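What follows is a set of notes on a single structure, which appears directly below.
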Amino acid sequence: MISGGAPVWGIFNGITANTIGRWTDLASTLGLLSLLSVLIIGIAPAKKSLRVFAFVMFVVSTALFAIINFSTAFIFTLITAILLFVYFMTVEKRFSATPAVATDTLYTPDPSMPAVPASPQGSTLSAGFIFKPTFLLSILGLISIIFLINPTISSTSGTLGDVVTGKFNVSNTEVRPSFSATLSISKAALSEEILLGSGPNTFSRDWLVHKPADINTTPFWGEAFPFGVGFVPTQVASTGVLGTVSWLIFFVFLVLLVIKVLANLPESRTMRFTLVSSLSALIYLWTASFLYTPSLTLLTLAFVFSGLFLAATRQAGIIGSRSIRLTRDTTTNIISVVLIIVVGLGAIFLGFVAVEKATSAFYFEKAIQLSNQTGASLDDIESALTKATQFSPADVHYSALSRVYFAKAQTIAASTEGTPEENLAIFQDAISKSISSAREAINLNSGSYTNWIALGSIYSYLVPAPLSVAGAYENATIAYGEAKSKNPLNPEVALFVARLEFNNGDVDAARSAIRESLALKEDYADAHLTLAQLEIQAGNLKEAIVSAEQVARLIPGNPSIYFELGLLKYSDKDYLGAGEALALALTVAPDYANAQYYMGLTLAQIGRLDDALKQFEVLALSNPDSVEVQQIIKDLKAGSDSFLDSLAQ
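Numbering (UniProt numbering), first residue to last: 1 to 649.
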């Protein structure tokens, strides 16, 4: 009944969730840890114990990084590893007063650090070589390249990625628009609002309005992607020219600062480690933000490391700074006090808002859990959703609340308890609250086509007899029209219109709307199924069979669909075709009683009475009390098919 979108940041939501975000974010974090471990070994003024710990962390992080197998993470890890390799081979060398590697010591380029005895084991690779940062970076880069190539291991095992996924039961799929599709959406969004863009967190709306038509041929035709190919490219559509220029200024400033830092690296190992590690982290994380959309945690780390890098450059004297004494005189003192008060009040306000949103999210999650529990009452779900709206109103809260009230209305409509007057009053109240909640969701987010679909569905329910509510058809038409304007290429919207027209008694308009849906997506199974149902009710058996056959091709392995197709062909006296469809249904679900029954009738119709007898005897095992089945068995044993005439009557 209720569904909640998985947030980008670290809320546990399924097997691939973790405190960082998704497993794709965990892979990015592990890659960063591997790189930082190399820097600790290669630059940090650390003792043997810390370097050994860093080496262990490198091994573990790299192993887990490979196991998660996030292809995009291999790209920006490889880029950063190459840059660091070049750094160690060129820049860092000039700071070593003694040879960086010795055959009897761990890698310790700092002459002030004590040498560490090598392993006594007779390895062909010395401990010093294994601890050499260029060697570790080569290993990390090689692993990234191998997994990016993803070679085939064998014809049975598949690729390397398939083997790792199967061995460790770790699977993560990152689906997002391509770079060209993201640029196309951005161009369309900027054509409408070039200066400020479509606004924050609106890429999903832009995608639904401007997505390419061929997306309907993919399994992701109904997906409302919240981001494009990456976080930063998405900002072009969301923030417009003004925001894009701001991002460019930020990155140009970082590049110029990096050039200045590399030309003025300090002799201090501690300061150099701080500069290079923060620089590596910001390059890694900002490159990641170009190639995919990291979690809120990783995006925050990108800004944190950028700030740390800036602070380190000032501390190293690479860039200058100015200090302002706020207590210099009375005027500046007053201003400073006011600023402190404003900042303090702002922090309190933001904290209060955060608590409200967290509490609201708690109750919404509780409502989702209740809706998935067998036997949970609608009243309990309603109570949780009401509290969620009270703490922090959101369109998803009101949309879910609308569905709860609608479910209540449907329940009372089918109830045989209570007086008709009481049930009518409860029904009207539930429908009224359902409509009110749906409209409130639209008020909070009128750009969401699903909110308009929800409102239209309520009104569509009120159109046919015996309800026949005045104005319901018109309101549903308006709502579906708004939904179509916000998602013009979605075949589902046209299908909702078809059901509305059918509820209104206009079969031709319903058929036309279904054809429109199929024009948008030829293989849309729901549209073919709805068309089959419409043709059945209209008495067009041949057309219904054609649609049912299409559904069976689109959704193979569904016994219910095979049964419906067999039943249609049986009604059309195509007994051979009916037998084929019913046989498929029984292959998938051997105990399907209805399919067994009509399979027996079909066999009898084509004269295979012995096979029909066997079929009904099997059916009798699961339906021993059926008088009809026992009579048919009796007739078949007597070699008679007279029961077919009686059933036809």
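The C-beta atom is built at its ideal place from N, Cα and C for all residues, glycine as well. Small disclaimer: the values here were computed from a predicted structure and weren't measured.
Buried or exposed, going by whether 16 or more other CB atoms sit within 10 Å of the CB of residue i?
i	result
Phe-225	buried
Pro-114	Since pLDDT at Pro-114 reaches only 44, below the 50 mark, its modelled position is unreliable, and no value is offered.
Gln-550	buried
Ile-442	buried
Arg-51	buried
Ser-646	exposed
Leu-582	buried
Lys-637	exposed
Lys-187	exposed
Asn-490	buried
residue 655	Coverage of the chain is limited to positions 1 through 649, which leaves residue 655 absent and any answer about it impossible.
Thr-313	buried
Asp-610	exposed
Leu-256	exposed
Phe-220	exposed
Are the beta-carbon atoms belonging to residue i and residue j less than 8 Å from one another?
i	j	result
Glu-174	Thr-24	yes
Asp-395	Ser-432	no
Lys-486	Leu-208	yes
Leu-275	Ala-302	no
Ser-336	Leu-84	no
Ser-289	Arg-22	no
Ala-525	Ile-555	yes
Leu-370	Ala-384	yes
Phe-76	Thr-287	yes
Ala-494	Glu-474	no
Phe-58	Ser-34	yes
Ile-514	Leu-541	no
Val-60	Leu-265	no
If I follow the unbroken beta strand (DSSP E) through residue i, where does it start and stop?
i	result
Thr-374	Taken as a continuous stretch (DSSP letters only), Thr-374 belongs to no beta strand (DSSP E), as it is neither H nor E.
Ile-153	152 to 154
DSSP state of residue i, grouped into three classes?
i	result
Ile-633	helix
Gly-42	helix
Thr-202	coil
Gly-579	helix
Arg-314	helix
residue 660	The structure shown has nothing for residue 660, since the chain only spans 1 to 649.
Gly-158	strand
Ser-119	With a pLDDT of 43 at Ser-119, under the threshold of 50, the predicted position of this residue should be treated as unreliable, though the coordinate-derived value follows. It is coil, neither helix nor strand.
Trp-23	helix
Val-163	helix
Thr-416	coil
Glu-524	At residue 524 the sequence reads Tyr, which differs from the Glu that was named. Three-state DSSP puts Tyr-524 in coil, outside helix and strand.
Val-209	helix
Ala-400	helix
Pro-114	Here Pro-114 scores only 44 on pLDDT, less than 50, and its place in the model should not be relied on; the value that follows carries that caveat. Coil, per DSSP.
So the alpha helix (DSSP H) residue i belongs to, where does it begin and stop?
i	result
Tyr-598	593 to 605
Arg-94	That residue, Arg-94, is in no alpha helix (DSSP H); it is neither H nor E in DSSP.
Glu-501	491 to 503
Asn-443	420 to 444
Ser-238	231 to 263
Ile-139	133 to 149
Val-463	Neither: Val-463 is in no alpha helix (DSSP H) and is coded neither H nor E.
Phe-391	378 to 391
Trp-286	269 to 291
Ile-561	559 to 571
Val-175	Element bounds for Val-175: n/a, residue is neither H nor E.
By how many angstroms is the C-alpha of residue j removed from the C-alpha of residue i?
i	j	result
His-528	Gly-351	52 Å
Ser-180	Asn-169	33 Å
Ile-319	Leu-262	13 Å
Ser-560	Ile-381	32 Å
Leu-298	Gly-230	13 Å
Ala-407	Ala-604	44 Å
Val-471	Glu-501	It is worth fixing the name first, because residue 471 is Gly in this sequence and not Val. Looking at the two C-alpha atoms, the distance is approximately 14 Å.
Ala-44	Gly-240	42 Å
Gly-639	Leu-613	10 Å
Lys-48	Pro-133	15 Å
Pro-420	Asp-429	14 Å
Ala-510	Ala-376	37 Å
Gln-235	Ala-425	50 Å
Phe-129	Gly-42	12 Å
Arg-272	Ile-40	11 Å
Ala-46	Ile-283	24 Å
Tyr-597	Asn-558	18 Å
Thr-602	Tyr-592	15 Å
Would you please verify whether the beta carbon of residue i is less than 8 Å from any beta carbon of chain D?
i	result
Ala-409	The structure shown contains no chain D; it is built from a single protein chain.
Does the Cβ of residue i lie closer than 7 Å to at least one heavy atom of the ligand FMN?
i	result
Phe-55	Because no ligand of any kind appears in the structure shown, any question about the ligand FMN cannot be addressed here.
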